[in-house]
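Here this note's numbering is used: the first residue of the sequence shown is 26, the next is one more, and so on. Following: one structure in structure tokens, then a few remarks.
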Amino acid sequence: TRAIATQSRTIRLPVHITEKLNKIKKAQRKISQEKGRTPKIEDLAKELDMTAAQIREVLLRVPRSVSLEIKVGKEKDTELGDLLETESASPEETLMRESLQKDLHYLLSELTSREREVIQMRFGFGGEKPFSLAEIGRCLELSRERVRQIEAKALQKLRQPRRRNLIRDYLESLS
Numbered sequence: 026t027r028a029i030a031t032q033s034r035t036i037r038l039p040v041h042i043t044e045k046l047n048k049i050k051k052a053q054r055k056i057s058q059e060k061g062r063t064p065k066i067e068d069l070a071k072e073l074d075m076t077a078a079q080i081r082e083v084l085l086r087v088p089r090s091v092s093l094e095i096k097v098g099k100e101k102d103t104e105l106g107d108l109l110e111t112e113s114a115s116p117e118e119t120l121m122r123e124s125l126q127k128d129l130h131y132l133l134s135e136l137t138s139r140e141r142e143v144i145q146m147r148f149g150f151g152g153e154k155p156f157s158l159a160e161i162g163r164c165l166e167l168s169r170e171r172v173r174q175i176e177a178k179a180l181q182k183l184r185q186p187r188r189r190n191l192i193r194d195y196l197e198s199l200s
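What follows is the structure in structure tokens.
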């Protein structure tokens, strides 16, 4: 029962509060059945041998759930969920990202396999962390200086106007 008390709610309550809350709910059901009405706080306090203040304190500690579909605003025409910011990308951002990845893939395909590998490792393409020149050198069994030279040559190719213009729009949309 302790595991249920600590893990059953979206918002975790201390075990002693959960236990008191369960006792209060049980007493509410009992009094409702006996008297045929919603019990008052004083009825619950008497039933549970607690003070009314203690009952109120426990009930106030329980967070109230609110539906995301509740209507808000003056005209009640907007749902609460519509006002919450989402972390998912907009369709425009998703399309832009996919298009950028496609164009970057095309640009990288114009490099030699060694240049492409160095650039991908150096800048962390594919969700990887960026590597230092020394780390790339160890992976590819090259000196740090040779990796730097390959990187410089690849970047020089990518900076050529015809290639640079391919991603200019993406860069401008970021600023």
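Backbone N, C-alpha and C fix where the C-beta goes; we use that ideal spot for every residue, glycine too.
Anticipated Cβ contact below 8 Å, residue i with residue j, distance rounded
i	j	result
VAL91	LEU46	Contact flag wrong, Cβ pair sits at about 19 Å.
LEU132	ARG188	6 Å
GLU72	ILE56	6 Å
Beta-ladder partner(s) of residue i, from DSSP
i	result
LYS96	GLU104
Alpha-carbon to alpha-carbon, residue j and residue i
i	j	result
LYS127	PHE148	17 Å
GLN181	LEU136	11 Å
LEU38	VAL83	11 Å
GLU166	PHE150	20 Å
LYS48	GLN79	13 Å
GLU59	LYS101	40 Å
ARG173	LEU183	15 Å
ILE42	SER198	52 Å
Residue range of the unbroken alpha helix (DSSP H) whose run includes residue i
i	result
SER157	Run containing SER157: none; DSSP gives neither H nor E here.
SER168	Premise fails: SER168 is in no alpha helix (DSSP H) and is neither H nor E.
THR119	116-134
LYS60	40-60
PHE148	138-148
ARG81	77-86
GLU72	66-73
Member of the options whose CA lies at the smallest distance from the CA of residue i
i	options	result
MET121	THR43, ASP194, ILE42, HIS41	ASP194
ALA179	SER134, GLU166, GLN79	SER134
ILE161	ALA177, GLN174, VAL143	VAL143
LEU202	GLY152, ILE95, ALA159	There is no way to answer for residue 202, as the model of the chain reaches only from 26 to 200.
PRO155	GLN145, ASN190, LEU73	GLN145
LEU75	GLN58, LYS60, ALA52, VAL97	Per the sequence shown, residue 75 should be read as Met rather than Leu. Comparing Cα positions, the closest option is ALA52.
ALA159	GLU153, GLY152, ARG171	ARG171
LYS196	SER157, ARG141, SER124, LEU93	The question names Lys, but residue 196 in the sequence shown is Leu. Cα-wise, what sits closest to LEU196 is SER124.
ASN190	LEU129, CYS164, ARG141	LEU129
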